[in-house]
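> Residues in the sequence shown are numbered from 1 upward in steps of one, following full-length UniProt numbering.
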Amino acid sequence: MNFIDIHPHIISDDEKRYPPAPLFGKRSDWSQERPNTVEALIAAMDEAGVAKAAVVHSSTTYGFDNSYVVDGCNQYKDRLAAVGSVDMLADDVPAVIKGWADKGLAGLRIFTGGSTKDFDPSELDNPKSFKAWEMLAELKLPMCIQTGPIGLPQVRMLAEQFPAVNIILDHLGRPDVLDGPPYANAASLFALADLPNIYLKLTPRIFGDVKKEKASAETFFPRVVEAFGAQRLAWGSNFPTSPGTLKEILATAEAGLASLGEEERTWIFGKTAQKLYPVLS
């Protein structure tokens, strides 16, 4: 199995060169308690047997300054790709995206909330942001969206309006799966399956949720594969935000997906990542 991780984070140990300036003004606890340099990520990948990674910029550490994720990934171009964040509502956002792409950025992410702030999907359907999406389509860059079920109507609108942009839902859009099969509470997630440019990122959050109440890995993941196809699912570790070593996080994901066929797991653990980020091929 060729393991590719599309959701680790890195934090510099040089605050003078890469000063923290967190989005929304509050720095995430994990980035202070479990900072992880690019060198430490490579070491963790080697230990876990992870070949390559699309490294997601930490908005809750650096705001819209992608310098460290770009510089760090450029040190290991044969193994890493950088995924950054920009102010989608800025007047010069197309030029900003082009500038970061020229420096090596392989994709973008919108952080509408999470560890430091409640979700606010209003940014997603603000027409001011559409010129950013047009630039993504032009550059063939994918967009990750961090939101919960509250933002899925806006995600559908964007997927329909910008069909040339692949949209990756961080943490599967955080569905409620605790009711168990047929997972009626996650209906808003499954309703997106008809959109071919919607992709789902499987992270520790969902591998934990399927162990609770009436949910199970054996009933949930085959249901997701049936709806979306394994070619639109990709594994992301959320390391070091999620507790545990990268090796442990990967082992949990492998156990969670054990009920799927080998071909499906090959897509989820590697081939979908290469489709989204060709630089990782």
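C-beta: ideal position from N, C-alpha, C; glycine also.
Computed from a predicted structure; not experimentally measured.
According to DSSP, Y199 sits in a beta bridge with which residue or residues?
DSSP output for Y199 lists I168 as bridge partner(s).
> In the DSSP assignment, find the unbroken beta strand (DSSP E) run with R265 in it and report its ends.
No beta strand (DSSP E) holds R265; the alpha helix (DSSP H) holding it covers E262 to T266.
> With burial defined as no fewer than 16 other Cβ atoms inside 10 Å of the residue's Cβ, what is the status of P121: buried or exposed?
buried
> Considering D5, what are the terminal residues of the beta strand (DSSP E) in which it resides?
Start and end: F3 to D5.
> Give me the Cα-Cα distance between S281 and A53, rounded to the nearest whole angstrom.
11 Å
> What first and last residue would you give for the alpha helix (DSSP H) that runs through L276?
T272 to L276
> Could you spell out the range, first to last residue, of the beta strand (DSSP E) harbouring residue 286?
No answer is possible for residue 286: it lies beyond the span of the chain, which begins at 1 and ends at 281.
> My output table needs one value for residue 283: the three-state DSSP class, helix, strand or coil.
Residue 283 lies beyond the stretch modelled for the chain, which goes from 1 to 281, so this question has no answer here.
> Suppose you measure from the CA of Q231 to the CA of P127; what does that come to, to the nearest Å?
30 Å
> Throw me the rounded Cβ distance for the K201 and G148 pair, which I believe falls under 8 Å.
No, K201 and G148 are not in contact; Cβ-Cβ is about 14 Å, not under 8 Å.
> Once DSSP output is grouped into helix, strand and coil, what is the label at L192?
coil
> Going by alpha carbons, who is nearest to P19 out of S242, V69 and E134?
V69
> Nearest-angstrom Cα distance between P204 and A187?
21 Å
> Assign M1 to one of two classes, buried (16 or more other C-beta atoms within 10 Å of its C-beta) or exposed (fewer than that).
exposed
> Within 10 angstroms of its Cβ, does L89 collect 16 or more other Cβ (buried), or is it exposed?
exposed
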